[in-house]
Amino acid sequence: MAEAAHKETHGFQTEVKQLLHLMIHSLYSNKEIFLRELVSNAADAADKLRFRALEDGSLYENDGDLAVKISVDKEASTVTIADNGIGMTRDEVIANLGTIAKSGTKDFFSKLSGDNAKDSQLIGQFGVGFYSAFIVADKVTVRTRAAGTDAAEAIEWVSEGEGEFTIAEINKPTRGTEIVLHLREDEKEFADAWRLRSIISKYSDHISIPVQMWKDEVPESEGPDGEKIEAQPGEWEVVNKATALWTREKSDISDEEYNEFYKHISHDFTDPLAWAHNKVEGKTEYTSLLYIPSKAPFDMWNRDQNHGLKLYVQRVFIMDDAEQFMPTYLRFVKGLLDSNDLPLNVSREILQDNKITQTLRQGCTKRVLQMLEKMAKNDAEKYQSFWNEFGNVLKEGPAEDFSNREKIAGLLRFSSTHADSDAQTVSLADYIERMKEGQDKIYYVTADSLQAAKSSPHLEIFRKKGIEVLLMGERIDEWLMSHLTEFSEKQFVSIAKANLDLGDLEDEESKKAKEEAEKEVEGLLERAKTALGDKVGEVKFTHRLTDSPACIVADDNGMTTQMMKLMQAAGQTVPDVKYHLELNPEHALVKMLADTQDEALFNEWVGVLFDQAALSEQGSLKDPSTFVQNLNSLLMKLAK
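Numbering (my numbering), first residue to last: 386 to 1025.
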């Protein structure tokens, strides 16, 4: 190989430096994982070449036998992983090996704790691929040439994992990538061919591309009858099954193989929660292998981040992150789809408009929802683990997928006034089963947090009557409920809306008591409305309160507080909303207010009650200073 004529030194992206330091200085219980990651990357490079070669066969350069070759040099303490896949250009080398091209990087590093075991799990969730080489190597050399380029355009990348890497142009006759790991002094156990064979068998048996290792020369020997057996020269030997796992019969695949294949396609270190492997025959023929991860990636809340399935057509790799086959609210799902019906020259534009694509998307969505339904029914603890990781993403479903809205709603979990803990464990089916006699609606309240929802004054009458209310304290909950209007023919009703009607849950005795209480403070509503003027829409009496003197509610057709906050957080203009003030005629403060003849004092009290109710509902006031001044003024008058 020719010497490099020109060499450049570059610094790693800041986050990469942190990651390399963490990898090099953390204690890993499973260091052998580096080989799985590098072999997976090599297999991906071969897949990409196959796809590119569909349009340009010359990229094969008269070498169509794709493989990953692993060799060991015990004396030099090196391990070399080479492939004849797509290779990389100079710019691709810098982009792929000098940066982490993934959102959520800062969030990832903010979660690092200094606990080696915990941090290594986080690294697995984040997916670092190539950088795992530095777990066992104190120096890594990468030589690569992109398919279709001249031998002189090859690139050599070298780094010792200490903040810098060098780039040099070299001569490389063959396309593809060769990675040389210079093993650390205490990691020389990996400079053993049999050790590497066992790792490949364990982690990479399922990869469809052959993984080869050098088989040493067999010396001359004698057969059982004394005949002479000539020496056999050394040769490359395939050490994995090299059969695409998803093409095999399910009965022939072990759980361990399914788990390892998941780690191969996801670059996750943890086992998945569940998977579904299905072969569909008939009008549309395809095979799907779908996984539910056990941990959420750090970029899950970025809806624009690449997501989706690996797409194969007739076992030929087409693309990563084929998002057309999985709705956005299921973006956490990993896996692949292999179709016999899509054309081999398929492109993103064709995928977006192809009717077959819609059929495949519907089929994959149905499989995932069935998988979750089965998990929820048969293993509540495992489903709760899933919900804790991905529940808020699943809440996007009713708005995005109308046809499956009822199924998705059945998978949702909430906190409630009847739950034993604050955890979101209550299903809508649980709620309906516990409904009181005469109850025909599902009641809920949304707030800034679960604690705020639990403390809402709107709950008072429901607690008194023992009616269960769903407590929603996540930002997405208000948006969810604007698209989820009913479940199992039961309507959802926000207890923070005006004109709350408990229907058959109200008894005659309660109605009589209300009428009498309202008579005692007759004329109060008109005075209060005059005092507040345009600050409110209406002033009414309410019997939804038992301990609080007043509350504000949104109009039945108006925008709620949480929806306004959601729109403001998204940078949208929010219309001016006038709340209704509801006064509790049975409360001592309201009775005192009705007896107050001094109009100036009356106006102060009404203003304080309104601001107090607004503070309880909204969590903040437009003019807190005035509220404090009015409150202090009233306290001073009471103290005299």
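Note that the Cβ used here is the ideal one computed from N, Cα and C, for glycine as well.
Values in this document were obtained by computation on a predicted structure and should not be read as measured data.
Provide the residue(s) that pair with Cys-749 in DSSP beta bridges, ordered along the chain.
Here residue 749 corresponds to residue number 364 of the sequence shown, with the count starting at 1. DSSP, once it has assigned bridges, lists no residue as partnering Cys-749.
Which word fits Gln-836, buried or exposed, when buried means at least 16 other C-beta atoms lie within 10 angstroms of its C-beta?
Residue numbering aside, residue 836 sits at position 451 when the sequence shown is read from its first letter. By the neighbour-count rule (16 or more Cβ atoms within 10 Å), Gln-836 is not buried but exposed.
Identify, in the order they occur along the chain, each residue of the same chain with its Cβ nearer than 8 Å to the Cβ of Gly-619, setting aside the five sequence neighbours on each side.
Position 234 of the sequence shown, counted from the first residue, corresponds to residue 619. Cβ neighbours of Gly-619 beyond the five flanking positions: Trp-599, Lys-600, Asp-601, Glu-602.
Pull up the CB-CB distance for Ala-627 and Ile-677, whole angstroms please, since I reckon it's below 8 Å.
As a working note, residue 627 is residue 242 in the sequence shown. As a working note, residue 677 is residue 292 in the sequence shown. Contact check for Ala-627 and Ile-677: beta-carbon distance about 27 Å, past the 8 Å limit, so the pair fails to qualify.
Can you tell me whether Ser-517 is buried or exposed? The criterion is at least 16 other CB atoms within 10 Å of its CB, across all chains shown.
Position 132 of the sequence shown, counting from 1, holds the residue named residue 517. The residue is buried, with at least 16 neighbouring Cβ atoms inside 10 Å.
With DSSP as the reference, please indicate the residues paired to Arg-528 in a beta bridge.
The count along the sequence shown starts at 1 and reaches residue 528 at position 143. Its beta-bridge partners are Glu-541, Glu-563.
Please work out which residues of its chain come closer than 7 Å, Cβ to Cβ, to Phe-1033, disregarding the five sequence neighbours upstream and downstream, and give them in chain order.
Residue 1033 is absent from the model: the chain starts at 386 and stops at 1025.
Between Leu-844 and the ligand GDP, is the CB less than 7 Å from at least one heavy atom?
This structure lacks the ligand GDP; in fact it carries no ligand of any kind.
In its own chain, which residues sit with a C-beta less than 8 Å from the C-beta of Lys-792, not counting the 5 before and 5 after it?
Locating residue 792 in the sequence shown gives position 407, counting from the first residue. Answer for Lys-792: Leu-754, Glu-758, listed in chain order.
How is Gln-597 classed by DSSP in three states: helix, strand or coil?
What you label residue 597 is simply residue 212 of the sequence shown in a count that begins at 1. Strand, per DSSP.
Please classify Trp-990: is it buried, with 16 or more other beta-carbons within 10 angstroms of its beta-carbon, or exposed?
Locating residue 990 in the sequence shown gives position 605, counting from the first residue. That one is buried.
Tell me which residues share the same chain as Leu-420 and place their Cβ nearer than 6 Å to its Cβ, disregarding the 5 neighbours each side in the sequence.
One-based indexing of the sequence shown puts residue 420 at position 35. Around Leu-420: Ile-584.
Within 8 Å, do at least three Cβ pairs link the region 913-921 to the region 869-888?
no
Just to confirm, are Leu-968 and Val-924 a CB contact at a threshold of 8 Å?
By 1-based counting over the sequence shown, the position of residue 968 is 583. By 1-based counting over the sequence shown, the position of residue 924 is 539. Yes, the pair counts as a contact, with Cβ atoms nearer than the cut-off.
Residues in its own chain within less than 8 Å of Val-478 by CB, not counting five upstream and five downstream?
Stepping through the sequence shown from its first residue, residue 478 is reached at position 93. Excluding positions up to five away in sequence, the list reads Val-527, Thr-529, Ile-540, Trp-542, Ile-552.
Helix, strand or coil for Ala-502, going by three-state DSSP, please let me know.
Along the sequence shown, read from residue 1 onward, the residue named residue 502 stands at position 117. Below a pLDDT of 50, predicted positions are generally treated as unreliable, and Ala-502, at 44, falls in that range; no measurement from the model is reported.
What residues are listed by DSSP as bridge partners for Leu-1030?
For residue 1030 there is no data in the structure shown, the boundaries of the chain being 386 and 1025.
Could you give the distance in angstroms between the alpha-carbon of Val-464 and the alpha-carbon of Arg-475?
Within the sequence shown, the letter at position 79 stands for residue 464. Within the sequence shown, the letter at position 90 stands for residue 475. For Val-464 and Arg-475, the distance between alpha carbons rounds to 23 Å.
Any idea if Gly-561 is buried or exposed, counting beta-carbon neighbours within 10 angstroms, 16 or more meaning buried?
Locating residue 561 in the sequence shown gives position 176, counting from the first residue. By the neighbour-count rule (16 or more Cβ atoms within 10 Å), Gly-561 is buried.
Quick check: the Cα distance between Asn-691 and Leu-856, rounded to an integer number of angstroms?
In the sequence shown, counting from the first residue as 1, residue 691 sits at position 306. In the sequence shown, counting from the first residue as 1, residue 856 sits at position 471. Looking at the two C-alpha atoms, the distance is approximately 33 Å.
Between which two residues does the alpha helix (DSSP H) carrying Gly-918 extend?
Start at 1 with the first residue of the sequence shown, and residue 918 comes out as number 533. Per DSSP, Gly-918 belongs to no alpha helix (DSSP H) and is neither H nor E.
Can you check which of these residues, Ile-466, Leu-566, Ala-536, Asn-556, is closest to Val-521 by C-alpha distance?
By one-based count along the sequence shown, residue 521 stands at place 136. Ranking Ile-466, Leu-566, Ala-536, Asn-556 by Cα distance to Val-521 puts Leu-566 first.
Where does Asn-725 fall in DSSP's three states?
In the sequence shown, residue 725 corresponds to position 340, counting from 1. DSSP places Asn-725 in coil when its eight states are reduced to three.
Would you identify the three-state DSSP class for Ser-1005, choosing helix, strand or coil?
As a working mapping, residue 1005 is identified with position 620 in the sequence shown. Note: Ser-1005 maps to coil in three-state DSSP.
Return the CA-CA distance between Asp-535 and Tyr-445, expressed in angstroms with no decimal places.
As a working mapping, residue 535 is identified with position 150 in the sequence shown. As a working mapping, residue 445 is identified with position 60 in the sequence shown. Each residue's alpha carbon lies about 13 Å from the other.
Closest by CA to Glu-538, which one among Lys-557, Glu-547, Glu-549?
One-based indexing of the sequence shown puts residue 538 at position 153. The residue with the shortest Cα to Cα distance from Glu-538 is Lys-557.
Express the C-alpha separation of Trp-686 and Glu-903 in angstroms, rounding to a whole number.
Position 518 of the sequence shown holds residue 903. Position 301 of the sequence shown holds residue 686. Spanning the two alpha carbons is a distance of roughly 49 Å.
May I have the straight-line CA-CA distance separating Asp-932 from Asp-980, to the nearest angstrom?
The residue you call residue 932 lines up with position 547 of the sequence shown. The residue you call residue 980 lines up with position 595 of the sequence shown. Roughly 20 Å separates the two Cα atoms.
Please report how far the alpha carbon of Ala-761 lies from the alpha carbon of Arg-798, in whole angstroms.
Numbered from its first residue, the sequence shown carries residue 761 at position 376. Numbered from its first residue, the sequence shown carries residue 798 at position 413. Approximately 10 Å, taken between the alpha carbons.
How long is the line joining the alpha carbons of Val-698 and Asp-807, rounded to whole angstroms?
For the purposes of this step, residue 698 is taken as residue 313 along the sequence shown, with counting starting at 1. For the purposes of this step, residue 807 is taken as residue 422 along the sequence shown, with counting starting at 1. Answer to the nearest angstrom: the Cα atoms are 47 Å apart.
For a test of the three-state rule: what should DSSP assign to Gly-720, helix, strand or coil?
As a first step, residue 720 is located in the sequence shown; it is residue number 335 there, counting from the start. Note: Gly-720 maps to strand in three-state DSSP.
List the DSSP bridge partners of Ala-659.
Residue numbering aside, residue 659 sits at position 274 when the sequence shown is read from its first letter. Beta-bridge pairing links Ala-659 to Ile-677.
Between Phe-654, Lys-573, Ala-707, which has its C-alpha nearest Val-457's C-alpha?
Counting from 1 along the sequence shown, the entry for residue 457 is found at position 72. Taking only the C-alpha atoms, the option nearest Val-457 is Lys-573.
Which whole-angstrom value is the C-beta distance of Ser-841 and Val-830, which I expect to be below 8 Å?
Reading the sequence shown from its first residue, position 456 is the one you call residue 841. Reading the sequence shown from its first residue, position 445 is the one you call residue 830. That belief holds up - the Cβ atoms of Ser-841 and Val-830 are roughly 5 Å apart, short of 8 Å.
Which residue's Cα is closest to the Cα of Phe-717: Gln-1003, Val-811, Glu-781, Ala-765?
Indexing the sequence shown from 1 puts residue 717 at position 332. Closest option to Phe-717, Cα to Cα, is Glu-781.
Excluding sequence positions up to five away, which residues of its chain have a Cβ less than 8 Å from the Cβ of Arg-819?
As a position in the sequence shown, residue 819 is number 434, starting the count at 1. Here the set comprises His-803, Glu-853.
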